[in-house]
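Trainee: This is the structure I want to talk about, given as C-alpha cells.
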Amino acid sequence: MRSSAIALFLFTLLCSEAQAQQADSTLRLFAPLMGRTWAGRYADSPEESHIQHVVRWQAMLGGRVVKKVKAVAALDFCQVSFYYWDARDDQVAFVSLTNRGQVAHGSVKSDSGHVVLSGSRATGAPFMLSFRVLADGTLQDRFFNVTDGNLRQGHLIEYMADSSEAVGRALECEVDP
Numbered sequence: 007m008r009s010s011a012i013a014l015f016l017f018t019l020l021c022s023e024a025q026a027q028q029a030d031s032t033l034r035l036f037a038p039l040m041g042r043t044w045a046g047r048y049a050d051s052p053e054e055s056h057i058q059h060v061v062r063w064q065a066m067l068g069g070r071v072v073k074k075v076k077a078v079a080a081l082d083f084c085q086v087s088f089y090y091w092d093a094r095d096d097q098v099a100f101v102s103l104t105n106r107g108q109v110a111h112g113s114v115k116s117d118s119g120h121v122v123l124s125g126s127r128a129t130g131a132p133f134m135l136s137f138r139v140l141a142d143g144t145l146q147d148r149f150f151n152v153t154d155g156n157l158r159q160g161h162l163i164e165y166m167a168d169s170s171e172a173v174g175r176a177l178e179c180e181v182d183p
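So this is what it looks like as C-alpha cells:
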C-alpha cells in the first residue's frame with residue numbers, strides 16, 4: 007500500500023511538472039525557445055576570446071509565466087527574466103533583473119518568426135532584443151540600442167542546444183540569494 011501511495015505521488019508530481027513545461031496560449035510565442043538549454047557566444051568574436059553564454063526558458067506557475075535564466079560565468083553575470091500576460095495592457099510583458107542590479111521591463115511580440123522585446127532599462131534607455139531559431143537549429147539573439155528612434159545593433163549571440171551537464175550547471179547562478 008505504501009509503495010502504491012509513493013508511486014501515485016511520483017506520478018502526480020511528474021504530471022504536474024510536465025504540465026508546467028507548457029506555456030499557456032498567451033505565451034506560446036516562446037515555444038521554439040523552451041525545453042532546451044542553449045550555449046553560445048558572440049558571433050563576431052575571435053576564436054581565442056569566445057565567452058560562453060548559457061540560456062534556458064521554462065514555463066512556471068501553471069504556464070502563466072515563462073522564466074528565462076541567462077548566465078555568463080566568465081563575466082560573473084546572471085540574468086533572470088519573467089514573461090507574463092499583462093491583462094491591463096493586453097500584451098505580453100517582461101521584467102528582467104541581473105546580479106549587477108540592472109533592471110529592465112517592456113513588452114513582447116511575435117514578428118515573422120522572431121520573439122521581439124521592446125523595453126527600457128531603469129535609466130530609461132530604450133532597447134530592442136530579438137530571438138529567432140533558424141532552420142539549422144541556431145538560436146540568434148540580437149540586441150539593439152534605440153537612439154533617436156534609430157536601431158543600432160549591439161550584440162549578436164548565436165546559440166546551439168546543448169544538453170551537457172556542465173552547461174546546465176552554469177545556470178545555477180539563479181539560486182544565489
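Each number in our numbering comes from the position in the sequence shown (counting from 1) with 6 added on. Glycine included, every Cβ here is placed at the ideal spot set by N, Cα and C.
Thinking LEU39 and VAL121 are a contact (beta carbons under 8 Å), I'd like their distance in whole angstroms, please.
Mentor: 7 Å
Trainee: With contact counted as at least three CB pairs below 8 Å, one residue from each stretch, are the region 91-111 and the region 122-138 in contact?
Mentor: yes
Trainee: For VAL75, which residues in the same chain have their Cβ closer than 6 Å to its Cβ, ignoring the five residues on either side in sequence?
Mentor: Excluding residues within five positions, the ones whose Cβ falls inside 6 Å are ARG62, VAL86, LEU177 and GLU180.
Trainee: Check whether the Cβ atoms of ALA29 and VAL98 lie closer than 8 Å to each other.
Mentor: No, these two residues do not count as a Cβ contact at 8 Å.
Trainee: Pull up the CB-CB distance for ALA167 and TRP44, whole angstroms please, since I reckon it's below 8 Å.
Mentor: 6 Å
Trainee: Please return the same chain residues whose Cβ sits closer than 6 Å to the Cβ of ALA110, not counting the five positions on each side in sequence.
Mentor: The residues SER102, GLY125 and ARG127, in chain order, have a CB closer than 6 Å to that of ALA110 in the same chain once the five nearest residues on each side in sequence are set aside.
Trainee: When DSSP builds the beta bridges, which residues end up paired with PRO52?
Mentor: According to DSSP, PRO52 bridges with nothing at all.
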